[in-house]
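Notes for the one structure printed next.
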Amino acid sequence: QIHVYISPCMNLQVDSSKFVMHIAKTTSRDSADAMILVDLGRLMYLQKEDIIIVSSDHILVQAAQDYNLRWAKNAIDLQKLLSAT
């Protein structure tokens with residue numbers, strides 16, 4: 350499953366069969382990032398899934414690096430990362 354986190358001000362239309370949408374309730378630009386960090390902690394504690402952080406936000410990149418997770422700054426870099434493995 351691919352989880353997508355967005356703030357409520359983003360108007361993003363995606364195919365819901367491919368993605369699980371997590372929409373923040375608060376409008377702070379950090380609200381979706383905070384949700385990612387909380388859910389990332391849950392995922393790492395509960396299960397051993399392949400986790401790739403896709404973000405250019407320095408907090409999420411640093412979290413990925415600190416936990417030795419793969420990360421990409423955008424969709425293009427994600428495609429490069431996936432094609433290299």
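Be aware that the sequence shown starts at 350, since it is given in our numbering, and climbs by one per residue. Just so you know, even glycine gets a beta-carbon here, dropped at the ideal spot from N, CA and C. All values derive from a computational prediction rather than experimental measurement.
CA-CA distance, residue 376 to residue 412, rounds to 23 angstroms. Out of 392, 421, 415, the CA that lies nearest to the CA of residue 403 is found in 421.
Taking 3 residues as the minimum length, the beta strand (DSSP E) runs contained wholly in the region 369-407 are 401-403, in order along the chain. Nearest Cα to residue 430 within the set 401, 406, 405: 401. Counting other Cβ atoms within 10 Å of its Cβ, residue 385 reaches 16 or more and is therefore classed as buried. Cβ contact annotation for residue 367 (same chain, cutoff 8 angstroms, sequence separation greater than five): 351, in chain order.
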